[in-house]
Amino acid sequence: MTPLTVRNICAILLIVSSTLDLISNLMYTGRDKLKWFVETPTYVKWERGALIAAFVIAALGVALLEIVLREAGETILARLGATAFLIGAVVAIVAEGQSLSGATSTSALEVIMVVVLFVAEAILGAALLTSGLLPAWVGWTMVAWNIGWLIVLPIVTPRNIYFPALHFLLWLIGIMLLVVR
Amino acid sequence: MSLTTMTGIALILSTLIYHGGLAYLFARAQFGEVLKLPRRERLLIIARHPDAYRWGFRIVLVGWIVAALGYVMLAALLRDAGDPIISTLASVLFLIAIASAFVFWAFSVSPTLLAAEETARTSNVPAYYESLQLAAESSLGVYQLLGLLATAGFGWALLQTGMLPSWVGWMTLGFGVAWAGVHLRSDETIPLLPMVMQVVIGISLLLK
């Protein structure tokens, strides 16, 4: 049986957070776009609640990722990335919590959250690159994905740049942490 | 001064400051009645004691900040004592909880004072107040749940490391889990609960 090391728990938390995000996204798409489900307050609570839980668990996973990166020799970028991600996750939890309690506009919070999360994850990608913890392509993918969307979204959809699924490429790090030894 | 002593002092101080702030609110701002009355009557009472209300919540805010610092130091102690995982997770949960408490503070204290002034002047509760209160209360719920889970996490980490007598760990773990369970099963929010066990852990650290 695989032992519960910091690395393994970190990987599990990152994968669980991405799965919760996926569930929340499917619930949203089913309700808002495909009209499969009727919108009820309970349904919306579960949908947004899953996303809030995803951000909390992602913050826990990234906190452990910082320890794993530190042990692999990367100290500065790992700490910067984890701190920025914690800030972004808190803003995300606040924005989602506000929308759950009926706030009509949380767009300013959403812009802050999106920018901070993309920058944080790009820094974590750079930390993966410099530490050599995972194959270089994982780090490059993280950097390119996050910087790319940060540039593309304000041009393509300037009215709404918040797409939660884009912040959960963390599953890739989680799976690679389990696979690569 | 060692990190253990500093952590113990910070944790004890956080509880004393936080509960001191609450005591100030109860003694000087009729907070007991504020908690029981409907919104309009509550605002009228607050309008009579705006300074006491503001200062009471400022003291509470300082208590939260000191608790966050104390728990971050405790996490460092627990990491050095051989528990890198649970202590890190607990401190991250507590930091998110405190951030939610700050959001509650920002959405509740100043808007409440403005609404109290307006209610006293016009006899009507302003329309914006209801939605702001709902947002503030949801943040307080997040604070309480995550704060109690963090408390349980610190209890678990204390048990793992054997840094303090095991009854401290069990008590902290049991307190966090039990009250988190109660919170999940009811809509009642008791915001002082995540600010209780710090005093037990702090005194135990100083006696170590």
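Each protein sequence line maps, in turn, to chains R and B. When you line the first sequence up against the working numbering, it's residues 21 to 201, in that order. When you line the second sequence up against the working numbering, it's residues 24 to 231, in that order. Glycine residues also receive a C-beta, built at the ideal position from the N, C-alpha and C atoms.
Exercise. Any beta-carbon of chain R closer than 9 Å to the one on Gly107 (chain B)?
Worked result: One-based indexing of the second sequence puts residue 107 (chain B) at position 84. Just to set this straight, residue 107 (chain B) is Pro in the shown sequence, not Gly. Yes, because at least one Cβ of chain R sits closer than 9 Å to the Cβ of Pro107 (chain B).
For this session: Find the nearest neighbour of His72 (chain B) within the set B:Pro61, B:Ala90, B:Gln53 and B:Leu60, judged by alpha-carbon distance.
Result: For this step, residue 72 (chain B) is matched to residue 49 along the second sequence. Comparing Cα-Cα distances from His72 (chain B) to each of B:Pro61, B:Ala90, B:Gln53 and B:Leu60, the minimum goes to B:Gln53.
Problem set entry | Per-residue burial, Ile224 (chain B) [other beta carbons within 10 Å of its own, 16 or more giving buried] | Residue numbering aside, residue 224 (chain B) sits at position 201 when the second sequence is read from its first letter. Ile224 (chain B) should be labelled buried.
Problem set entry | For Glu59 (chain R), the three-state DSSP class (helix, strand or coil) | Within the first sequence, numbered from 1, the residue matching residue 59 (chain R) stands at position 39. In the structure shown, Glu59 (chain R) sits in coil (DSSP, three-state: anything other than H, G, I, E or B).
Exercise. Excluding five sequence neighbours on each side, which residues of the same chain lie with their C-beta closer than 7 Å to the C-beta of Val200 (chain B)?
Worked result: What you label residue 200 (chain B) is simply residue 177 of the second sequence in a count that begins at 1. Answer for Val200 (chain B): Ala175, listed in chain order.
For this session: For Ala79 (chain R), go through chain B and note every residue whose CB falls closer than 7 Å to its CB, in chain order.
Result: Your numbering for residue 79 (chain R) matches position 59 in the first sequence. Per Cβ cutoff of 7 Å: Val115 and Ile119.
For this session: Return the residues of the segment 135–166 of chain B that lie within a Cβ-Cβ distance of less than 8 Å from chain R, sorted by chain order.
Result: Ser154, Leu157, Ala158, Glu160, Ser161, Ser162 and Val165
Problem set entry | 6 Å Cβ shell around Val36 (chain R) - same chain, five flanking residues per side excluded | Locating residue 36 (chain R) in the first sequence gives position 16, where the first residue counts as 1. Ile77.
Exercise. Should Val126 (chain B) be flagged as near chain R, meaning a C-beta pair shorter than 9 Å?
Worked result: As a working mapping, residue 126 (chain B) is identified with position 103 in the second sequence. Val126 (chain B) counts as touching chain R.
Exercise. Between the Cα of Thr161 (chain R) and the Cα atoms of R:Leu190, R:Met133 and R:Val134, which residue gives the shortest distance?
Worked result: Position 141 of the first sequence, counting from 1, holds the residue named residue 161 (chain R). Checked all of R:Leu190, R:Met133 and R:Val134; the closest Cα to Thr161 (chain R) is R:Leu190.
For this session: Identify every run of the alpha helix (DSSP H) within the segment 62–121 of chain B, keeping only runs that are complete inside it and at least 4 residues long; order them along the chain.
Result: 62–71 and 73–103
Problem set entry | Limits of the alpha helix (DSSP H) - the one that Val232 (chain B) falls within | With chain B covering 24 to 231 only, the question about residue 232 (chain B) has no answer from this structure.
Problem set entry | Under 7 Å by beta carbon: chain B residues contacting Ile193 (chain R) | Along the first sequence, one-based indexing puts residue 193 (chain R) at 173. Ordered by position in chain B, no residue passes the 7 Å Cβ test against Ile193 (chain R), which lies about 17 Å from the chain.
Exercise. Do three or more CB pairs link the segment 89–99 of chain B to the segment 59–74 of chain B at distances below 8 Å?
Worked result: no
Exercise. Roughly how many whole angstroms lie between the Cα atoms of Ala115 (chain R) and Leu129 (chain R)?
Worked result: Counted from its first residue, the first sequence places residue 115 (chain R) at position 95. Counted from its first residue, the first sequence places residue 129 (chain R) at position 109. If I take the Cα positions, the gap works out to 6 Å.
For this session: For chain B, find out if any of its Cβ atoms is closer than 9 Å to the Cβ of Ile32 (chain R); answer yes or no.
Result: Stepping through the first sequence from its first residue, residue 32 (chain R) is reached at position 12. Chain B, which has no Cβ nearer than 9 Å to the Cβ of Ile32 (chain R), makes this no.
Problem set entry | Span separating the alpha-carbon of Gln183 (chain B) from that of Leu196 (chain B) | Taking the first residue of the second sequence as position 1, residue 183 (chain B) is located at position 160. Taking the first residue of the second sequence as position 1, residue 196 (chain B) is located at position 173. Cα to Cα, Gln183 (chain B) sits roughly 11 Å from Leu196 (chain B).
Exercise. Counting contacts by CB-CB distance shorter than 9 Å, is Ile113 (chain R) in contact with chain B?
Worked result: Here residue 113 (chain R) is taken as the residue at index 93 of the first sequence, counted from 1. Yes - at least one Cβ of chain B is within 9 Å of the one on Ile113 (chain R).
Problem set entry | N-terminal and C-terminal residue of the alpha helix (DSSP H) that Ile171 (chain R) is part of | Looking up residue 171 (chain R) in the first sequence gives position 151. Its alpha helix (DSSP H) spans residues Ala156 to Val176.
Exercise. Which chain R residues sit within Cβ distance under 8 Å of Thr184 (chain B)?
Worked result: For this step, residue 184 (chain B) is matched to residue 161 along the second sequence. Here the premise fails: no neighbours, minimum Cβ distance about 15 Å.
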